[in-house]
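Asker: So for the sequence shown, the working numbering puts the first residue at -6; every next one is plus one. C-beta: ideal position from N, C-alpha, C; glycine also. My questions all concern the structure below.
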Amino acid sequence: MDSAGYEGYYVHLTTPAGIVVKTFCMQGHPTWMNDYRSQIGDISLIQLFLPGTYQSVGYMTEESGTDLEVLRKYFITQGWEDVRSQLRLGARYLDIRISEYVSSNVRFWTVHNIVKMHPLKNILEQVRKFVEDTSEIVIFDIHAFQKGFRSFKAHLDLVEFIRNEIEDLMVSPSVGWNGTLNQIWATERRIIVTYGNPTVVDIFPNHLWSASRFRIHYVDDKNEVKEYLYSKRFEKRLDS
């Protein structure tokens, strides 16, 4: 990536005959929070509109093991953009679902529904690398446990695994959703880990945030999405 944030990937608009009529360079936004710190630093998390990705681990790799045709059709949501690339392109919210495979060499996997995508360790390493490079703030939303976790101890083991990987970067829930970006930056920690099990959250009050509210809007019309989002922004601010 160059100093202007360009990722080095190009999109070509062509005619049916294959003639290139326009070329676009994909531009990333790896430090947009810091770039706009003077404008957004004192805004609370609950008032911010943060871009994110759906099924964030749904990306291809050369080692993808499931039938590729099935994978592309039903489970690939992010193309070849891994989590770190999604963050460099501007996403600050990651939609994470995890399964436990007790008989596997790798116990905790990120998944799309019931399909294994990537080892959790790999995803955490990507997020760590990004925040260490940029000092941006990321929400790591673990809101679904698709397979396994038949015992409560499995949840405790998962949290311990996460802490071993990124504990020094986990933002304390004491900041709260009414806390500001500047307050988070002052802590020297950058990753907000939310967890979709309230009992587990209560056991780790210094590490886990309550699960965020999750909505999916299945539409193809971007104007309908815009209208929905604009209606909700004022509603939320009036409630907060």
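Determine the closest residue to His105 out of Lys140, Gly83 and Thr127, with distance taken between C-alpha atoms.
Answerer: Measuring from the Cα of His105, the nearest candidate turns out to be Lys140.
Asker: Do Ile271 and Phe145 have their C-beta atoms within less than 8 Å of each other?
Answerer: Nothing in the structure corresponds to residue 271, since the chain is present only between -6 and 233.
Asker: Indicate the three-state DSSP secondary structure (helix, strand or coil) for Tyr221 in the structure shown.
Answerer: Three-state DSSP puts Tyr221 in a helix.
Asker: How would you label Ile107, buried or exposed, when you count the other beta carbons within 10 angstroms and need 16 or more for buried?
Answerer: Burial call: exposed.
Asker: Rounded to the nearest angstrom, what separates Ser128 and Arg121 at their Cα positions?
Answerer: Ser128 and Arg121: Cα-Cα distance of roughly 10 Å.
Asker: With a threshold of 8 Å, are at least 3 pairs of Cβ atoms found where one atom belongs to the region 199 to 207 and the other to the region 153 to 170?
Answerer: Verdict: yes, contact present.
Asker: Taking the runs of the alpha helix (DSSP H) that are 4 residues or longer, which of them lie wholly in the region 135 to 189?
Answerer: For the region 135 to 189, whole alpha helix (DSSP H) runs of length 4 or above, ordered along the chain, are 145 to 159 and 174 to 179.
Asker: DSSP three-state label for Leu80, please.
Answerer: In this structure, Leu80 counts as helix in the three-state DSSP scheme.
Asker: At what residues does the alpha helix (DSSP H) containing Ser31 begin and finish?
Answerer: Looking at the DSSP string, the run of the alpha helix (DSSP H) that includes Ser31 is Arg30 to Ile33.
Asker: With distances taken from CA atoms, which of Ile130, Met163 and Arg143 is nearest Thr24?
Answerer: Out of Ile130, Met163 and Arg143, Ile130 has the C-alpha closest to the C-alpha of Thr24.
Asker: Could you compute how far the alpha carbon of Ile33 sits from the alpha carbon of Tyr86?
Answerer: Each residue's alpha carbon lies about 17 Å from the other.
Asker: Looking at the secondary structure, which residues open and close the alpha helix (DSSP H) in which Phe123 lies?
Answerer: Phe123 -> alpha helix (DSSP H) spans Leu113 to Thr127.
Asker: Beta-carbon separation of His148 and Thr187 under 8 Å?
Answerer: The answer is no: Cβ separation not under 8 Å.
Asker: Run through DSSP, which three-state label would Leu87 get?
Answerer: Looking at Leu87 - three-state DSSP - the assignment turns out to be strand.
Asker: Buried or exposed for Thr46, going by 16 or more other Cβ atoms inside 10 Å?
Answerer: It is buried - the Cβ of Thr46 has at least 16 other Cβ atoms within 10 Å.
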